Each structure stands twice: as structure tokens, then as C-alpha cells.
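Notes follow the structure.
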């Protein structure tokens, strides 16, 4: 983690901006991959945005991760989605970031980035289900919980591995001329 | 246990909780057809028959008489006096989205499940 005393405010802002752009790009790429057309799992997504949000949490702190996440949800809803998308992704993002905040606070070093990603993917899916339960009957939504929790494991692990790599690369780069 | 970049011992607790949640929520998945309803449409109206309660309905439509039976969570046409009897040959249906149609009598029976609602939103 980049120490805050050495890091100027401008540099942190730039890093946040770059990560926000990355998150938006991931949102767009996700919209292109038609994973949700699998018959059994409508609404399935890779959760690539989680890479950018988690990197922000690791590099710039959890407060910046909240800012990036809120901006990402609002902007991607404006660019690629509508009101329903906004509600769904806002609920998902809120719950996943809430869990990351708790995990980072109570066990900072003893948890791997991969597990952090899997946990936040699961929380994201549960948050989206809560949003769905606002629109639909609660029973219909409950039937979907096991499927989405199972799906959170491979998608979370995938984004977790990418995040681990990216974190290592960015940490190495901070000593250079970045 | 080996500690690597991708796995630390504390992760077991996270994965354990997740596995527990999955196991706890699995029974919900297999109870989903109970809330289904058979929607019976005929010449002169529609009828909603919950699959949870057994009943028999006799309807007159386009001069034909059909006996529709709901039994043990399935619905089927017991007897019909239409020429082809395709509706009787369809047999019992129970899963959401499946249907029985009798063209001569203008009768259709469609199973509606609440699971379908989610697909509509996701699309």
C-alpha cells in the first residue's frame, strides 16, 4: 500500500481517476460479453469492475474506493443502462464495498486478495437480489440465492487473481517514475 | 497449510462461511414449483387454478366439453369431446412455461411460475 504521507493529493486523485476510467471500461466490456444469455443464469456477470474498485481500496484507501464505486455506478448507469440497472448495481456495489470495508478493518493482513474478491462478489450478488426483491415477490428471488452464491466463487476467484497480479505490478511501479 | 499470494490460512473462514450459506440456501431452490398456477383460458373467460390444491373443472367452450383436473401439483385434461384429443394426449404438465392447448375448443392451459418473472426483468 502506498503510504499516505509520501503521496501527494494530486497523485492520489490521478490514480483514482485512472481507476475510475478502468472501472467504466470494465462496465462496458461486461456489457459486451453476453454471459447473461445462458438460459439458467440471467443477470450473470463477471464482476470485472470489482478489480478496479478493489485496487482503489488497496492502493488509495477505502474512502477512495467508496468514491470511485459511487461514481462508477452513476456513470455506467448513465452511459450503458437505465433506472433499473442503477438500482441493481447500486445495491450490489454498496453491499460488496460494505463487506470489503468490514474485512479490511477487522483483519487487514490475514486475508488474501482472492478471498476478498470472492467474498465481495458474493455480497454483490446478495445486494442485487435484495434490489430484485424490491421489484418482485420475495419468494421468486429467494430461489435464486444458491445459484448466485455458487457463481460468485469462480467469478470472484478470477477477478481476485487478476487483482493480485495488478496490485503486485502497480506496487512495483510506484518505486519507479509513475 | 501453504501460504501463497492467492491463498492465506484466514481465507478458509471466508470460504467456509460461503459454503455454509450455499448449503443453507439450497433447499429453497428445490421448493420453487409449489407456488405455480395453471392459467386456463377458454371461450368465455380465464381461470387461475393453483397447482397446490386438487380440483376438477368442467368447461364448455366452442361447443366442446373438457374436464381439466389438477392433481398432485400437475394439471391434465381428463376427458374431451373434441375431434383430435391432442390435449388429452399431452398428458400431465407441471413445470412453469409448459402448456396444454386444445385448438378446436379454443382452450389453453399455461403453467405460470414466479421464476419466470426474474427472467423478464433480466432480459
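Chains as they are written, first to last, in my numbering: chain F, 1 to 178; chain Z, 179 to 301. In this text, a Cβ means the ideal position worked out from N, Cα and C, and glycines have one as well. Since the structure is predicted, the reported quantities are computational estimates derived from the model, not experimental observations.
Notebook entry, point to check: With burial defined as no fewer than 16 other Cβ atoms inside 10 Å of the residue's Cβ, what is the status of residue 83(F): buried or exposed?
Noted result: Counting Cβ neighbours within 10 Å, residue 83(F) comes out exposed, since fewer than 16 surround it.
Check: With contact counted as at least three CB pairs below 8 Å, one residue from each stretch, are the region 104-123 of chain F and the region 186-200 of chain Z in contact?
Finding: Touching, yes.
Check: If we count the other Cβ atoms within 10 Å of its Cβ and call it buried at 16 or more, is residue 212(Z) buried or exposed?
Finding: Interpretation of residue 212(Z) is limited by its pLDDT of 46, a score under 50 that renders its predicted location unreliable; the figure taken from the coordinates is listed afterwards. By the C-beta density criterion, residue 212(Z) is exposed, having fewer than 16 other C-beta atoms within 10 angstroms.
Margin query: Let me see if you follow: with CB-CB separation under 7 Å, is residue 132(Z) close to chain F or not?
Written below: As shown, chain Z starts at 179 and ends at 301. That puts residue 132(Z) outside it, with no answer to give.
Checklist line | Any alpha helix (DSSP H) of 4 or more consecutive residues that is wholly inside the region 251-284 of chain Z | finding: Positions of the alpha helix (DSSP H) runs, each at least 4 residues long and wholly inside the region 251-284 of chain Z, are given as 264-268 in order along the chain.
Notebook entry, point to check: Using a C-beta cutoff of 7 Å, does residue 119(F) count as contacting chain Z?
Noted result: By the rule that beta-carbons nearer than 7 Å mark a contact, residue 119(F) touches chain Z.
Note to self: Closer than 9 Å between beta carbons: that is the criterion. Which residues of the region 103-114 of chain F meet it against chain Z?
What the structure shows: For the region 103-114 of chain F, the residues whose beta carbon sits under 9 Å from a beta carbon of chain Z are, in order, 103, 107, 109, 110, 111, 112, 113 and 114.
Next item on the list: Run down chain Z in chain order and give the residues with a C-beta less than 9 Å from the C-beta of residue 164(F).
Entry: Neighbours of residue 164(F) on chain Z, chain order: 183 and 184.
Note to self: Below 7 Å on C-beta distance, what does residue 199(Z) contact in chain F?
What the structure shows: Simply 149.
Notebook entry, point to check: In chain order, what residues of the same chain have a beta carbon less than 7 Å from the beta carbon of residue 15(F), not counting five sequence neighbours either side?
Noted result: Residues 59 and 60 of the same chain have their beta carbon placed closer than 7 Å to that of residue 15(F), with the five preceding and five following residues left out of the count.
Notebook entry, point to check: Name the chain F residues whose beta carbon is nearer than 8 Å to that of residue 196(Z)?
Noted result: Result: 118, 119, 122, 149, 152 and 153.
Check: How would you label residue 128(F), buried or exposed, when you count the other beta carbons within 10 angstroms and need 16 or more for buried?
Finding: Classification of residue 128(F): buried, given that the 10 Å Cβ count is 16 or more.
Notebook entry, point to check: Since residue 304(Z) and residue 228(Z) are thought to touch, with beta carbons under 8 Å apart, how far apart are those beta carbons, to the nearest angstrom?
Noted result: Here chain Z covers residues 179 to 301 and nothing more, so residue 304(Z) does not appear.
Notebook entry, point to check: Can you name the residues that DSSP bridges to residue 235(Z)?
Noted result: Partner(s): 246(Z).
Next item on the list: Determine, using beta carbons only, whether residue 81(F) and residue 159(F) come nearer to each other than 7 Å.
Entry: The answer is no: Cβ separation not under 7 Å.
Next item on the list: Tell me whether residue 106(F) is buried or exposed, calling it buried when 16 or more other Cβ atoms sit within 10 Å of its Cβ.
Entry: So residue 106(F) ends up on the exposed side.
Note to self: Can you confirm whether the region 278-286 of chain Z touches the region 224-242 of chain Z when touching is taken to mean that 3 or more C-beta pairs between the two stretches lie within less than 8 Å?
What the structure shows: The region 224-242 of chain Z vs the region 278-286 of chain Z: in contact.
Next item on the list: Give the single residue among 56(F), 89(F), 62(F) and 27(F) whose Cα lies nearest to the Cα of residue 170(F).
Entry: Here the closest residue by C-alpha is 56(F).
Checklist line | Own chain residues within Cβ distance below 6 Å of residue 225(Z), not counting five before or after | finding: 218.
Check: From the beta carbon of residue 188(Z), is the nearest beta carbon of chain F less than 7 Å away?
Finding: Output row for residue 188(Z): interface = yes.
Check: How long is the line joining the alpha carbons of residue 273(Z) and residue 122(F), rounded to whole angstroms?
Finding: Straight through space, the alpha carbons of residue 122(F) and residue 273(Z) are spaced by roughly 29 Å.
Item checked: Min CB distance residue 229(Z) to chain F below 7 Å -> For residue 229(Z), the answer is no, since every Cβ of chain F falls outside 7 Å of its Cβ.
Next item on the list: Let me know the secondary structure DSSP gives residue 104(F) once reduced to three states.
Entry: Helix.
Item checked: Whole-number beta carbon distance between residue 86(F) and residue 24(F), since they are thought to touch under 8 Å -> Your pair residue 24(F) and residue 86(F) does not check out as a contact, with CB atoms roughly 14 Å apart and the cut at 8 Å.
Checklist line | Buried/exposed call for residue 257(Z), threshold 16 Cβ in 10 Å | finding: Around the CB of residue 257(Z), fewer than 16 other CB atoms lie within 10 Å, so the residue is classed as exposed.
Next item on the list: Go ahead and pull the three-state DSSP assignment for residue 149(F).
Entry: Residue 149(F) falls in the helix class under three-state DSSP.
Note to self: Can you find the residues in the same chain that come closer than 8 Å, C-beta to C-beta, to residue 142(Z), ignoring five residues on each side of it along the sequence?
What the structure shows: Here chain Z comprises residues numbered 179 to 301, so residue 142(Z) is not present and cannot be evaluated.
Notebook entry, point to check: Mapping DSSP to helix, strand and coil, what is residue 154(F)?
Noted result: Three-state DSSP puts residue 154(F) in a helix.
Next item on the list: Put residue 198(Z) into one of helix, strand or coil per three-state DSSP.
Entry: Three-state DSSP puts residue 198(Z) in a helix.
Item checked: residue 28(F) (DSSP reduced to helix, strand or coil) -> It is helical.
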